[in-house]
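A.B. asks: In case it helps, our numbering puts the sequence shown at residues 134 to 353.
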Amino acid sequence: MSLRLRIELGRITEVETLYYRQRGGGPNNIAGMNQPHVPEAMWFKSIPPAQRMSRQELIAVADGYFTGLQKNDGKGINGTGTYPFTNDCNRIENGTLTASAPPRPNLAAGAIDAFAMDCMTQFKLGYYFVVQSIHGRRYPVVDQERGVVWAHGVIDQGTVNSGVLSDGRPHTFTGFNRPSSILFTEAFLIEGGKIRRVEMVGPSVPFHMNSPWPGGLSGN
134 MSLRLRIELG RITEVETLYY RQRGGGPNNI AGMNQPHVPE AMWFKSIPPA
184 QRMSRQELIA VADGYFTGLQ KNDGKGINGT GTYPFTNDCN RIENGTLTAS
234 APPRPNLAAG AIDAFAMDCM TQFKLGYYFV VQSIHGRRYP VVDQERGVVW
284 AHGVIDQGTV NSGVLSDGRP HTFTGFNRPS SILFTEAFLI EGGKIRRVEM
334 VGPSVPFHMN SPWPGGLSGN
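#1: Here's the rule I'm using: 16 or more other beta-carbon atoms within 10 Å means buried, otherwise exposed. How should residue 302 be labelled?
#2: Assign residue 315 to one of two classes, buried (16 or more other C-beta atoms within 10 Å of its C-beta) or exposed (fewer than that).
#3: So the beta strand (DSSP E) residue 229 belongs to, where does it begin and stop?
#4: What does a CB cutoff of less than 6 Å around residue 150 pick up in its chain, not counting 5 residues either side in sequence?
#5: What does the alpha-carbon distance come out to for the pair residue 200 and residue 163?
#6: Quickly, what does DSSP pair residue 304 with across the bridge? List them, please.
#7: Assess contact between the stretch 287 to 296 and the stretch 263 to 275, defined as three or more Cβ pairs (one per stretch) separated by less than 8 Å. Is contact present?
#8: Between residue 240 and residue 141, what straight-line distance do the alpha-carbon atoms span, to the nearest angstrom?
#9: Quick one: residues in its chain with C-beta nearer than 6 Å to the C-beta of residue 214, no 5 flanking neighbours on either side, listed in chain order?
#10: To the nearest angstrom, how far is the alpha carbon of residue 261 from that of residue 309?
#11: Which class does residue 316 belong to by DSSP, given the choice of helix, strand or coil?
#12: Would residue 153 be called buried (16 or more neighbouring beta carbons within 10 Å of its own) or exposed?
#13: Evaluate residue 346 with the Cβ neighbour count: other Cβ atoms within 10 Å of its Cβ, from every protein chain shown; 16 or more gives buried, anything less gives exposed.
#14: Here's the rule: buried if 16 or more other CB atoms are within 10 angstroms of the residue's CB, otherwise exposed. What is residue 145?
Dropping the structure here:
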């Protein structure tokens, strides 16, 4: 579950909740999420004031993630050749590691173990070419002290399921044979202008569904 509260003058003025339920589409680890868990301490560190990024700088880094993910071609954000990731970046989606995960055993010859790759390797491979659009992006929570951005948006995918990776290999996604979308919230931990951790909650929803909350690149 992802939950956002807006509090003004001691009263709750907005409540935004997003649930992922079993069989909600995509990878998940519901059983693991029910186990005792201690969050990584890096999420709660306090960055010295002189080293803190501005709100707009933090939003720009988070938005760069979505720009690089949309029609991912491995060429970097706007053809720059790179993406804003640390070398140890990992990502958790609905409770399961989808970047920097342990290698899968008994993998078939020639199969791509994408979740075992780090964030940078995935993006540079152009692995996420199935993502055709990320719309309704907004950034309602920005924590400058900790370098955390909480984002919301909609991923459209499935209109393209076959393509060529940046290393020249053809690749087909067997599970993307029809248009669908993911309504998501995503938390980014940003250090020195690069993303170190990503945590996402996102159920599958009808294709091109829009959030009822207004879009935009604002953060407060």
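Beta carbons are placed, not taken as given, at the ideal position from N, Cα and C, and that holds for glycine.
C.D. replies: Here's the rundown:
#1: In the sequence shown, residue 302 corresponds to position 169, counting from 1. In this structure residue 302 is exposed. Its beta-carbon is surrounded by fewer than 16 other beta-carbon atoms within 10 angstroms.
#2: Here residue 315 refers to the residue found at position 182 of the sequence shown. Burial call: buried.
#3: Taking the sequence shown and counting its residues from 1, the one referred to as residue 229 is at position 96. 229 to 232 is the extent of the beta strand (DSSP E) around residue 229.
#4: The sequence position of residue 150 within the sequence shown is 17, counting from 1. Answer for residue 150: 136, listed in chain order.
#5: For the purposes of this step, residue 200 is identified with residue 67 of the sequence shown, where counting begins at 1. For the purposes of this step, residue 163 is identified with residue 30 of the sequence shown, where counting begins at 1. If you draw a straight line from the Cα of residue 200 to the Cα of residue 163, it is about 29 Å long.
#6: Mapped onto the sequence shown, residue 304 falls at position 171. Paired residues: 296.
#7: yes
#8: Position 107 of the sequence shown, counted from the start, is the residue given in the question as residue 240. Position 8 of the sequence shown, counted from the start, is the residue given in the question as residue 141. Rounded to whole angstroms, residue 240 to residue 141 spans 52 Å at the Cα level.
#9: Along the sequence shown, one-based indexing puts residue 214 at 81. No residues qualify anywhere along the chain.
#10: Position 128 of the sequence shown holds residue 261. Position 176 of the sequence shown holds residue 309. Distance between the alpha carbons of residue 261 and residue 309: 12 Å.
#11: Your numbering for residue 316 matches position 183 in the sequence shown. Correct three-state label for residue 316: strand.
#12: What you label residue 153 is simply residue 20 of the sequence shown in a count that begins at 1. Its Cβ being crowded by 16 or more others within 10 Å, residue 153 is buried.
#13: Here residue 346 corresponds to residue number 213 of the sequence shown, with the count starting at 1. Looking at its Cβ environment, which holds fewer than 16 other Cβ atoms inside 10 Å, residue 346 is exposed.
#14: The residue given as residue 145 occupies position 12 in the sequence shown. By the 10 Å Cβ count, residue 145 comes out exposed.
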